[in-house]
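*Asks:* Residue numbers (the working numbering): 2 to 194.
A single structure is presented below for examination.
The structure is reproduced here in structure tokens:
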């Protein structure tokens, strides 16, 4: 297909996102968000919008505080062949977030759970599900290295269904059939690191 990319696993580099060096990657991360969630054609006509942005898309100014938060946890995946950033995942301690389900999370206040706030993979990837699994596995490994024992997230239901085994087996705490009127079902879940 024209305009698509096959990102072979042996050509992908996983880059830890740290507060000190993630700033230069923020424009590329925001670009992935726009590619993944920015087209209104993918939403029902009555989708909620904030200005010109569909509400599923995180703007750079919403991701920046997470990137710089204490114990932030994130990874990006770059394809060496094209030079493109093809995926990323980002989060921080559960207590830093105020998304749907966070306050009711049984681990809220324990300080041992990372909240996966945002994840995107380029829709241009022919092997998108494989790259999403790679970025999720890398996020989980990084969270473990940072001392977290669990991951909580509000994520698209289909990603849980086709994701790594640890995500497929995660405990679903809540299901949202039509998150932000996007027409997309999401699940709030928890998994061990």
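No residue lacks a Cβ here, since even glycine has one placed at the ideal position from N, Cα and C.
If you count every other CB in all the chains shown that lies within 10 Å of the CB of residue 113, and 16 or more means buried, which is it?
*Replies:* Under this definition residue 113 is an exposed residue.
*Asks:* Can you tell me whether residue 95 is helix, strand or coil according to DSSP?
*Replies:* In this structure, residue 95 counts as helix in the three-state DSSP scheme.
*Asks:* Alpha carbon to alpha carbon, how far is residue 192 from residue 176? Give it in angstroms, no decimals.
*Replies:* Approximately 15 Å, taken between the alpha carbons.
*Asks:* Tell me the rounded alpha-carbon separation between residue 111 and residue 102.
*Replies:* Approximately 15 Å, taken between the alpha carbons.
*Asks:* Near residue 100, what residues of its chain come up, given a Cβ to Cβ distance below 8 Å and the 5 sequence neighbours on each side ignored?
*Replies:* Closer than 8 Å at the Cβ level, and outside the excluded window around residue 100, lie 116, 118 and 155.
*Asks:* Helix, strand or coil for residue 116? Go by DSSP, reduced to three states.
*Replies:* In this structure, residue 116 counts as strand in the three-state DSSP scheme.
*Asks:* By alpha-carbon positions, which one of 149, 174, 121 and 166 ends up nearest to residue 36?
*Replies:* That would be 121, whose Cα lies nearest to the Cα of residue 36.
*Asks:* List the endpoints of the continuous alpha helix (DSSP H) containing residue 187.
*Replies:* Note, residue 187: premise wrong, no alpha helix (DSSP H); beta strand (DSSP E) at 187 to 193.
*Asks:* Mind pulling the alpha helix (DSSP H) runs of 4 or more residues that sit fully within the region 143 to 180?
*Replies:* Counting whole runs of 4 or more residues, the region 143 to 180 contains the alpha helix (DSSP H) stretches 158 to 163 and 166 to 169.
*Asks:* Please say whether residue 136 and residue 88 have beta carbons closer to each other than 8 Å?
*Replies:* Taking 8 Å as the Cβ cut-off, residue 88 and residue 136 qualify as a contacting pair.
*Asks:* Report yes or no: do three or more beta-carbon pairs, one from the region 10 to 26 and one from the region 64 to 82, lie closer than 8 Å?
*Replies:* Contact holds: three or more Cβ-Cβ distances are below 8 Å.
*Asks:* Between which two residues does the alpha helix (DSSP H) holding residue 13 run?
*Replies:* Not the alpha helix (DSSP H): residue 13 falls in the beta strand (DSSP E), residues 13 to 17.
*Asks:* Look at the alpha carbon of residue 166 and the alpha carbon of residue 96, and state the distance between them as a whole number of angstroms.
*Replies:* If I take the Cα positions, the gap works out to 26 Å.
*Asks:* Between 83, 6, 90 and 7, which has its C-alpha nearest residue 160's C-alpha?
*Replies:* Among 83, 6, 90 and 7, the Cα nearest to that of residue 160 is on 90.
*Asks:* Assuming residue 77 is part of the beta strand (DSSP E), what are its boundary residues?
*Replies:* 74 to 80 is the extent of the beta strand (DSSP E) around residue 77.
*Asks:* Hey, would you say residue 152 sits closer than 8 Å to residue 77, going by beta carbons?
*Replies:* Contact: no.
*Asks:* Using a 10 Å radius around the Cβ and a threshold of 16 neighbouring Cβ atoms, would you call residue 132 buried or exposed?
*Replies:* Answer is buried; the Cβ neighbour count reaches 16.
*Asks:* So residue 163 and residue 130 are in contact, right, with Cβ under 8 Å, and what is the actual spacing, rounded?
*Replies:* Indeed, because the Cβ distance is near 5 Å, the residues count as touching under 8 Å.
*Asks:* Let me make sure I understand the geometry here. Which of 109, 79, 105 and 12 has the alpha-carbon closest to that of residue 93?
*Replies:* When each option's Cα is compared against that of residue 93, the closest is 109.
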